[in-house]
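In full-length UniProt numbering, the protein residues as written are 1 to 510.
Quick look at the structure:
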């Protein structure tokens, strides 16, 4: 447990420090890079570091907004709500330099020499320290510091610190960090949910998911050989729609900046790989029974994911075989909640279809059980895409099989029972201890605002003036960013003490 201190109130911080360590048995403290413009390493904080040194305490440094005139919001006028100077959120760029300022000031001021028992933990893979270390070390002897700080001593001090890997340490930053850090001092860290990258990474990026790509390639290769002996068929209507959708999703890549193009191309490769796989599957000569077996295998897979999800709900130890983080919403094997919910909704659709199209009593009862279980889990997962997919397919089945009203009513009843059980569990005291209820209001507002802004841009300039559209998007970025930050603040659970709330909001919203 790490405590927060009410700096720059030094006396209050010392009292809080005593309470945190002696009463709460804290492991260390979290200090921001600066407190109202007073940076770590300032002599005014020496009494706090003296006490931390006496206790051999751990100090986790977290960046906050830089305290310089160019980064302060104007008090009035046209730019009263301005973002940082170049128009991007503070965490994207400024936080990295804030961490670097704080750490270098601790070294150059001699604070860490005077208080050597304080263990410093630097976030975000060292921020920009690995890149600037040689420059600062080389210039430091010319500063005329009271205590000599040559390059060797400077680098030794950096090597003695600890560094976490929250943020985006791969594929480049980690290599730079290892040039200055002791590998034994590199710690695991995560900025989820603030870091937008899903827990599972890019999913289809080689070689991380070479098994997935290998299976797709093998199926396409085998199917391609078999297709030479088959007559040419017209493309199925569903495939035409997939291709059209793929084209529409791919068009923005023509205008994507180089900064994000590599990531975009990897995802588009996954999209077109899936379309190609679907195409060859539609052309392979499966019998009706074989198609049903394929569908049944997907349903069984969905129920297996349901079981894994249930297991993740009951997992309390961080040391588990799936590297699941207890207390978060389960994600199955997919490492992403919405992907899991989509897969469960797919299994739900297949179960509905079998209930309406098979006379086998055992299979029918099995699928009815799935129709009850899967909606219950979808409710608990709180994924909007899961809600949308399962609701849409149930409505579609009601229309297509309206001549089987008894079966339809039974499936609706089973689904509603599952939803009711899911709601009861989601709001129960038992589940409250395992996973928090997610507030969707903030992210709903973000999405609605972005959609409205996009429609307005298309309405004003549907084809030409793309640069003007981009400028309009930048103009709206501030409001969207404020919505995102507000939503993230609402998502954070467990911050109950007023002082903690103040520090947290100050850290992320200053």
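Note that the Cβ used here is the ideal one computed from N, Cα and C, for glycine as well.
- By the criterion of a C-beta distance shorter than 8 Å, residue 440 is surrounded in its chain by 382, 384, once the five residues flanking it on both sides are discounted.
- If one requires a minimum length of 3 residues, no beta strand (DSSP E) run lies completely within the segment 249 to 293.
- Its Cα nearest to that of residue 142, the residue 108 stands out among 265, 108, 131, 177.
- The DSSP assignment places complete beta strand (DSSP E) segments of no fewer than 3 residues inside the segment 137 to 169 at 162 to 164, in order along the chain.
- Contact between residue 356 and residue 407 holds, since their C-beta atoms are separated by about 6 Å, short of 8 Å.
- Classified as exposed, residue 222 has fewer than 16 neighbouring CB atoms from the shown chains inside 10 Å of its CB.
- In the DSSP assignment, residue 386 falls within the unbroken alpha helix (DSSP H) covering 384 to 400.
- In the three-state scheme derived from DSSP, where H, G and I count as helix and E and B as strand, residue 37 is classed as coil.
- The three-state reading of DSSP puts residue 2 in strand, counting E and B together.
- Under the three-pair Cβ rule at 8 Å, the segment 297 to 304 does not count as touching the segment 260 to 273.
- Annotation: the continuous beta strand (DSSP E) that includes residue 60 extends over 58 to 62.
- In this structure, DSSP gives residue 437 a state outside helix and strand, which the three-state scheme calls coil.
- Here residue 100 is buried. Its C-beta has 16 or more other C-beta atoms within 10 Å.
- For residue 106, same chain residues with a beta-carbon under 6 Å away, outside a window of 5 residues either side, are 40, 41, 112 in chain order.
- In the DSSP assignment, residue 424 falls within the alpha helix (DSSP H) that extends over 405 to 426.
- Exclusion of the five residues before and after residue 389 leaves 342, 345 as the residues of its chain whose Cβ lies within less than 7 Å of its Cβ.
- Note: residue 28 is bridge-paired with 2, 58 in the DSSP secondary-structure output.
- Taking the CA atoms as reference points, residue 134 sits about 49 Å from residue 218.
- Residue 122 has 163 as its beta-bridge partners, per DSSP.
- Going by DSSP, residue 350 is part of the alpha helix (DSSP H) stretching over 337 to 357.
- Out of 122, 119, 245, 291, the CA that lies nearest to the CA of residue 271 is found in 245.
- Residue 289 sits exposed, since fewer than 16 C-beta atoms from the chains shown fall within 10 Å of its C-beta.
- Between the segment 292 to 301 and the segment 232 to 242, the count of Cβ pairs shorter than 8 Å is below three; the stretches do not touch.
- For residue 170, the closest C-alpha among the options 156, 190, 241 is that of 190.
- When only Cα atoms are considered, residue 158 and residue 67 end up about 24 Å apart.
- When beta bridges are read from the DSSP output, residue 178 appears opposite no residue.
- Burial state of residue 126 is buried, judged by a 10 Å Cβ sphere holding 16 or more other Cβ atoms.
- Counting along the chain, no alpha helix (DSSP H) covers residue 23, and no H or E run does either.
- Contact annotation, residue 115 with residue 60: C-beta distance approximately 16 Å; criterion of less than 8 Å not satisfied.
- By the CB criterion at 8 Å, residue 370 and residue 351 fall inside the cutoff.
- Contact between residue 442 and residue 377 does not hold, since the beta-carbon distance rounds to 24 Å and is not under 8 Å.
- Taking C-beta atoms under 8 Å as the contact rule, residue 129 and residue 122 qualify, at a distance of about 7 Å.
- With contacts defined by Cβ atoms closer than 8 Å, residue 56 and residue 96 do not form a contacting pair.
- 334 is the residue among 286, 181, 285, 334 whose C-alpha sits nearest the C-alpha of residue 308.
- Non-local beta-carbon contacts of residue 250 in its own chain, meaning distances under 7 Å to residues more than five positions away in sequence, involve 268 in chain order.
- Contact annotation: residue 29 and residue 14 have beta-carbon atoms that are not nearer than 8 Å.
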